[in-house]
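J.: Listed in order, the protein sequences are those of chains A and B.
Here our numbering is used: the first residue of the first sequence is 1, the next is one more, and so on.
Here our numbering is used: the first residue of the second sequence is 1001, the next is one more, and so on.
Cβ atoms here follow ideal geometry from the backbone N, Cα and C, with glycine treated the same way.
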Amino acid sequence: MAIAHYQSEFERLGSLLPWQGSPQWQEWRQSGWARFAAQGFPTTRHEEWKYTSLAALEKLALSCAPVAAEAPALTWDSLQARAVLPQARYRAVFVDGHFAPQLSRLDGLPAGIAVRPLSTLSAQDSIGLQAALEAVRTRTPFAALNAAFMAEGAWITAAAEASLDDPLLILYVTTRGGQAQHVVNAYDLERGGRVAVAEQYLGLSDEPYFVNQVTGVQLAPGAQLHHVKLQQEGERAYHIGALQASQQGGSRFESHSFALSGAFGRNDMETALLEPGAAVVMNGLYRVAGREFQDFHTCIRHESPDCTSDEYFKGVLDGSGRAVFNGKIVVAQDAQHTASRQSNHNLLLSDQAEVDTKPQLEIFADDVKCSHGATVGQLDEDQWFYLRSRGLEPDHARTLLIDAFSLDVLSSIGHAGLRAAMDHLMRGQGHV
Amino acid sequence: MLIIKDLHASVGDKPILKGINLTVNAGEVHAIMGPNGSGKSTLSNVLAGRENVTVTSGSIEYLGHDLLALEVEERAREGVFLAFQYPVEIPGVGNVYLLKAALNAQRKHHGLPELDAMEFLALVKDKMKLMEMNESMLYRAVNEGFSGGEKKRNEILQMAVLEPRLAILDETDSGLDIDALKIVANGVNSLRHPERSMILVTHYQRLLDYIKPDYVHVLAGGRIVRSGGPELAHELEKQGYAWIGNETTGQEVSSGS
Ligand SMILES: Nc1ncnc2c1ncn2[C@@H]1O[C@H](COP(=O)(O)OP(=O)(O)OP(=O)(O)O)[C@@H](O)[C@H]1O
Ligand SMILES: [Mg+2]
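(1) Does the Cβ of residue 1040 (chain B) lie closer than 7 Å to at least one heavy atom of ligand 2?
(2) Which of the three DSSP states, helix, strand or coil, is assigned to residue 43 (chain A)?
(3) I'd like to know whether the C-beta of residue 1072 (chain B) is nearer than 8 Å to at least one C-beta of chain A.
(4) Ends of the alpha helix (DSSP H) at residue 149 (chain A)?
(5) Less than 8 Å between CB atoms is the rule here; does residue 11 (chain A) satisfy it with respect to chain B?
(6) Name, please, each residue of chain B whose Cβ falls closer than 9 Å to the Cβ of residue 394 (chain A).
(7) Are the C-beta of residue 383 (chain A) and some C-beta of chain B separated by less than 8 Å?
(8) Classify residue 338 (chain A) as buried or exposed, calling it buried when 16 or more other Cβ atoms lie within 10 Å of its own Cβ.
(9) Is residue 1171 (chain B) near ligand 2, going by C-beta to nearest heavy atom under 7 Å?
(10) Is it the case that the Cβ atoms of residue 323 (chain A) and residue 355 (chain A) are separated by a distance below 8 Å?
(11) Does any CB atom of chain A fall closer than 8 Å to the CB of residue 1093 (chain B)?
(12) Residues of the region 400-421 of chain A with a CB closer than 9 Å to any CB of chain B: list them in chain order, please.
(13) Would you check if there are 3 or more beta carbon pairs closer than 8 Å linking the region 252-269 of chain A to the region 402-418 of chain A?
(14) Distance cutoff 8 Å, beta carbons only. Does residue 1088 (chain B) sit that close to anything in chain A?
(15) Around the Cβ of residue 1145 (chain B), are there at least 16 other Cβ atoms within 10 angstroms (buried) or fewer (exposed)?
(16) Nearest-angstrom Cα distance between residue 284 (chain A) and residue 1101 (chain B)?
(17) Counting contacts by CB-CB distance shorter than 8 Å, is residue 1123 (chain B) in contact with chain A?
(18) How do the region 149-162 of chain A and the region 170-189 of chain A stand: do at least 3 beta-carbon pairs fall below 8 Å, yes or no?
(19) Smallest Cα separation from residue 1094 (chain B): which of B:1112, B:1140 and B:1157?
(20) Got a sec, what are the start and stop residues for the alpha helix (DSSP H) residue 424 (chain A) sits in?
(21) Taking 8 Å as the CB-CB limit, is residue 1050 (chain B) close to chain A?
(22) Return no unless some Cβ of chain A is closer than 8 Å to the Cβ of residue 1206 (chain B).
(23) Run through chain B and tell me which residues come within less than 7 Å of residue 391 (chain A), C-beta to C-beta.
(24) Expressed to the nearest angstrom, what Euclidean distance is found between the alpha-carbon atoms of residue 57 (chain A) and residue 346 (chain A)?
(25) In angstroms with no decimal places, state the Cα-to-Cα distance between residue 1156 (chain B) and residue 402 (chain A).
(26) Going along the chain, which residues of its own chain have a beta-carbon closer than 6 Å to the beta-carbon of residue 238 (chain A), five neighbours each way excluded?
(27) Under the three-state reduction of DSSP, which class applies to residue 1197 (chain B): helix, strand or coil?
(28) From which residue to which residue does the beta strand (DSSP E) around residue 155 (chain A) run?
(29) What separation, rounded to the nearest whole angstrom, lies between the Cα atoms of residue 1001 (chain B) and residue 1037 (chain B)?
(30) Are at least three pairs of beta-carbons, each pair with one atom in the region 1214-1234 of chain B and one in the region 1026-1035 of chain B, less than 8 Å apart?
(31) Report yes or no: do the region 282-300 of chain A and the region 312-319 of chain A share at least 3 C-beta pairs separated by less than 8 Å?
(32) At what residues does the beta strand (DSSP E) containing residue 181 (chain A) begin and finish?
(33) Whole-angstrom Cβ separation of residue 139 (chain A) and residue 242 (chain A), contact assumed at under 8 Å?
(34) Using a cut-off of 7 Å between C-beta atoms, extract the partners of residue 1158 (chain B) located in chain A.
(35) Suppose the cutoff is 8 Å on Cβ atoms and the five residues either side in sequence are ignored; what does the same chain contact list for residue 394 (chain A) look like?
(36) Got a sec: is the Cβ-Cβ distance from residue 387 (chain A) to anything in chain B below 8 Å?
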């Protein structure tokens, strides 16, 4: 049924999708569709989706139309207070899956840095995108679906040694239900290029909608990407993301994910450390309450010697919320001197909340330092009592302890501007 | 100030306090001594409102009100302060943040304006001098990585900032070196006030050399088995609890003051 719906959307919308004249894109979309159609919606019988039911999403007949029926009347003033980088010098704002030039500001970028919304690209100019997205498009069934429908997103490139240190805000706002957005982000950083960016997904609709996004990252030797992804989706929203990075020698990828709201979230993230000296930091925080669900499936591939990976995820689960963390680390046979750390700590605030956490280490080299650990715990009664015995309201004391548990993820954000922005968003000014 | 009548309390279904009677008047300092496991911390916890101790019978009147009817945080704002025997470490919560939040919660409760950051820092730095504490402790997490003695000093710093009406110090002297003991005792003495009462739980006469109690009680087997003046502590120091003999097994002798 779901396949049939997307099939008819694909037929209905085919000619409305961009770059019609390009055989490469035709092929891209067709093969994406074929791959998705062959697999269908994954079920819980599928190992990678064991705890993650898509039954409710499958029932929704969402429009995949790439063109807005009417442009919602949003102003930057109305969005600014919700933006993670309210003072961003550079911002690309997308509303309901469409680039909104009047809300964006992309002039005066540093030399060698380009930020291009897909809808501004000619068929010819857009072909270069395929390299950055090639690896991710086969990563999951939804990445394949994205390949079929993708029409919008941002392509960020850095020439050799070019630097965008003043962080870029890429803001995807959803204002209405009923739609499936297929957006992409592509980051191509040449040798020594450096980019700091926050991708924020902000839901302003309480109706069901679906954001299906993919991110491709290519880091040449010595390149550095500081990446924050923030999910603040609507209460009935589905958010599915796939990220694939490839890292050459001495490159550094810092990825910080914050899944803060939304009915359903799933992220498949993978990076390949291809040459010596490449380093990845893959951190995150998920919070669920009510009946929310968040799922992180991560994979770090050590393909080469002398690379490091640090992975640190925290979860806070309240109400009947559920979460899944699956952290795979693969160390290839010749990836000697790999240093890899992984941890996942969860705080359960209610008896109904549930988390499934699973480290998955596949180590084929012998001279490596790998550590991993996962915990599931509850609020510490002694700490809670102590704070109340000093006169703090029970709720205040509880919030303090939850923040104390979860917000140490902020201190690991290496880029000072992004760290300050997330700190402000997560705790305002109050806490010392 | 505080009137405890025939207080019985259990942890789980194990009775710990078995009929405590104790009256503490405004301005008085009472010392409570007694063997390990006799119920001193349990009594302190009941006063602070710890939920895992169940009061099975008896009453506690504080400033004319039923203390047991108040929530933990309400007791604190009404001036009850417990310096814990084992202060808990709270990573991720700043010491100065807690101090300020605690003081402002109390001020708000009493209809006073909250202190801003500048006013608060001036006040807390003043109190830190009294406790001879390094200012850097303010910016660390609550008790995290503090030495045993530093934790105890931090408790008294909180007390100095909050200026409680009824302070219960549960073995604040344990683990302090000689100099720290003097500093803590000075801090406590500077807080003595005709409107402020204190209960000092201790095992050692030494603390009572510095902070002169008005009364000394011996708690054993969940009851106060003997009460007297400061000389009682000297006697205990010399002779140990065996001196009280069978009384420590629970027969009530005299209680209250
Ligand atoms: N949570 C608990 N569960 C079971 N027993 C408890 C609990 N808390 C206290 N007790 C018991 O209650 C009794 C009194 O303990 P309490 O801590 O009040 O003693 P104390 O007089 O403060 O001893 P100390 O001088 O060693 O500090 C002890 O036998 C102790 O084991
Ligand atoms: Mg004790």
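T.: This is what the structure gives:
(1) yes
(2) Three-state DSSP puts residue 43 (chain A) in coil, outside helix and strand.
(3) yes
(4) 141-149
(5) no
(6) 1071, 1072 and 1073
(7) yes
(8) buried
(9) Annotation for residue 1171 (chain B) indicates a beta carbon within 7 Å of some heavy atom of ligand 2.
(10) yes
(11) yes
(12) 400, 401, 403, 404, 405, 406, 407 and 408
(13) yes
(14) yes
(15) Residue burial annotation: residue 1145 (chain B) is exposed, with fewer than 16 other C-beta atoms found within 10 angstroms of its C-beta.
(16) 29 Å
(17) no
(18) yes
(19) B:1140
(20) It spans 416-427 - the alpha helix (DSSP H) in which residue 424 (chain A) sits, taken as one unbroken run.
(21) By this cut-off, residue 1050 (chain B) is an interface position.
(22) no
(23) 1073, 1076, 1077, 1102, 1105 and 1106
(24) Whole-angstrom Cα-Cα distance: 26 Å.
(25) 26 Å
(26) 57, 210 and 264
(27) strand
(28) 152-158 is the extent of the beta strand (DSSP E) around residue 155 (chain A).
(29) 27 Å
(30) yes
(31) As far as the Cβ criterion goes, the region 282-300 of chain A touches the region 312-319 of chain A, which means the pair count is three or higher.
(32) 180-189
(33) 5 Å
(34) 390
(35) 384 and 388
(36) yes
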